[in-house]
Amino acid sequence: MRDEVISLLRLNRLFGINSDETSEYNYIVIVGTSEKKVGLMVDSLISEEDVVIKPLRDQYTNSPGIAGACVLGDGSVSLIIDVSQLLDLGLKQEMQARERREASVW
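Counting from 139, one number per residue, gives the positions in the sequence shown under the numbering used here.
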């Protein structure tokens, strides 16, 4: 992107969700913090909305990569991704996968 190499994170793999990865087109959402940027590969783009994030007080409270939730205009609830935690989680999983690949070669 603009002469910058950006790593990709597949959200379906990160969260262990089955998804059709044979699609002809892929959607990438670029997110980041002040020092890191990453492209999130998503199944589809629905819309863009300004929301108010509410903290979670149930089994999702300690879910890494989830900052909270919001109630959308149609009454449905949407989980809000914590970009900083998501970047750390993705890096950790990639390092573990790399170590497993290297261990299987030896």
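Think of the CB as a built atom: it goes at the ideal place given N, C-alpha and C, for glycine as much as any other residue.
Cβ neighbour criterion (16 or more within 10 Å) applied to residue i
i           : result
residue 224 : buried
residue 213 : exposed
residue 147 : buried
residue 176 : buried
residue 183 : exposed
Spatially closest choice to residue i from the options, by CA coordinates
i           : options            : result
residue 187 : 205, 230, 210, 241 : 210
residue 153 : 180, 195, 140      : 180
residue 108 : 160, 204, 190, 141 : Outside the shown range of the chain (139 to 244) lies residue 108, about which nothing can therefore be said.
residue 173 : 242, 233, 190, 222 : 222
residue 145 : 170, 185, 192      : 170
residue 149 : 140, 192, 167, 185 : 167
residue 229 : 151, 195, 141      : 151
residue 165 : 143, 157, 156, 178 : 178
Opening and closing residue of the alpha helix (DSSP H) in which residue i lies
i           : result
residue 210 : Counting along the chain, residue 210 falls outside any alpha helix (DSSP H), and DSSP gives it neither H nor E.
residue 151 : 149-152
message: Check whether the region 232-242 and the region 204-220 touch, using three or more Cβ-Cβ pairs below 8 Å as the test.
response: The region 232-242 vs the region 204-220: no contact.
task: Enumerate, from N- to C-terminal direction, the unbroken beta strand (DSSP E) stretches of 3 or more residues contained entirely within the region 164-206.
output: The qualifying runs are 165-170, 175-180.
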